[in-house]
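Under mature numbering (1 follows the signal peptide of the UniProt record, and there is no 0), read the sequence shown as residues -17 to -1, 1 to 313, first letter to last.
Quick reminder that beta carbons are idealized off the backbone N, C-alpha and C, glycines included.
Quick caveat, the model's predicted, so the values are computed rather than measured.
Notes follow the structure.
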Amino acid sequence: MRLLLAAPRLLASPAAAALCHGPRLPPTAPCRGAPRRWGSSFNVPPSAEFVARPVGICSMLRLPVRASAEGLDAAFVGVPLDTGTSNRPGARFGPRQIRAESAMVRRHNASTGAAPFDSLLVADVGDVNVNLYNLPASCRLIREAFQKIVASGCVPLTLGGDHTITYPILQAVAEKHGPVGLVHVDAHTDTGDRALGEKIYHGTPFRRCVDEGLLDCSRVVQIGIRGSSYAPDPYKYCREQGFRVVLAEDCWFKSLVPLMAEVRQQMGAKPVYISFDIDWAGPCLRPGNWDTRDSWAHALTGFGDYSWLQGAEYSGMRPCGSCTDVRCLR
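Here's what the structure looks like:
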């Protein structure tokens, strides 16, 4: 989780057999000509003082590209899927564009004190080779890829992709760790049951997770929820399951740090998954954007130690959703 405080936000990686890779850098060299790390054996984003930002393979944070997650503490995984989207498509291009814009990120965060590359071995393990013509098949491919990542002991940091991807990812995470806690930052609860007769799409992942016992419902917090709904009490299902629902208006004009301290206490020392959907911020602020750095990076410092984190993801980033690349950079 320290990674999430230093990098813009949630992130990318799949396992060998189900991954699609371009050319690879050697696992020991972030970029040709860049110093590895001053006195350290960990991978580190190369400094623009030594390597120009457009130079090198387009990996997340310009980290080394690996064929598998074996031996890594954490791995960025791309899941370029948007066939579960109900309205605007384009999130399939999210992982690629996020990687391109991540070249601007440096390895230290002076505001939070985060320096994840001082203690964690991290790399980019490519994209899950999803089937854009078959959503159930894509869910299977995602689950199988993440089963390999999780089995290796690596924490997956996923770049989406629409929010459908969280369901098969949590299938893989819960298979190893049992029901997990969930910190879900979003405008919507994503606990619908079905649409047009279909039970799997970006509005249903957490309903499906509850159905399969993947979540520890006493440790589920949904933050930033807002907007119109089809029912007068749209949060009834969530609260009946034991979720804590924090509405957007409950976060206005106040520091988020106390809230996150409460959430951290609720999560305890058991496994937790963190899920960010881009629409937590609202289209007027981030049209297609990928940025929680300004507020959430600081709020998450209230979490303290992140040894309990078993996965995180950022979904819904559409590069075509804005007229500038700032949506991905931020």
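Could you compute how far the alpha carbon of Val105 sits from the alpha carbon of Leu292?
One C-alpha to the other measures close to 15 Å.
Whose CA, out of Glu53, Ala86, Phe59, lies closest to the CA of Val34?
Ala86
How is Ala58 classed by DSSP in three states: helix, strand or coil?
strand
Does the separation of the CB atoms of Gly77 and Arg222 fall below 8 Å?
no
Once you ignore the five residues that flank Pro188 on each side, which residues in its own chain have a CB closer than 7 Å to its CB?
His146, Thr147, Thr149, Tyr150, Asp173
Leu46 to Val166, Cα distance in whole Å?
For Leu46 and Val166, the distance between alpha carbons rounds to 27 Å.
Of all the beta strand (DSSP E) runs that stay within the bounds of the segment 125 to 151, which reach a length of 3 or more residues?
138 to 143
Can you give the Cα-Cα distance for Arg177 and Ala214, rounded to whole angstroms?
14 Å
Just checking my contact of Val193 with Gln224 at CB under 8 Å: how many whole Å lie between their CB atoms?
6 Å
DSSP beta-bridge partners for Phe259?
DSSP output for Phe259 lists Val168, Tyr297 as bridge partner(s).
I'd like to know whether the C-beta atoms of Val108 and Ser51 end up nearer to each other than 8 Å.
Using a Cβ distance threshold of 8 Å, Val108 and Ser51 count as a contacting pair.
Is DSSP giving Val113 helix, strand or coil here?
coil
Output the distance between the C-alpha atoms of residue 328 and Val228, rounded to the nearest integer angstrom.
The structure shown has nothing for residue 328, since the chain only spans -17 to 313.
Between Leu153 and Tyr220, which are expected to be in contact by the criterion C-beta below 8 Å, what is the C-beta distance as a whole number of angstroms?
Not quite, the Cβ-Cβ distance comes to about 18 Å (not below 8 Å), so this is no contact.
Does DSSP put Arg79 in a helix, a strand or coil?
helix
Going by Cα to Cα distance, which pick from Lys237, Pro254, Val62, Ser30 is closest to Lys159?
Pro254
Compare the Cα-Cα distances from Met250 to each of Arg36, Tyr184, Pro162 and report the closest residue.
Closest option to Met250, Cα to Cα, is Pro162.
Per DSSP, Glu181 is paired with what?
Ala178.
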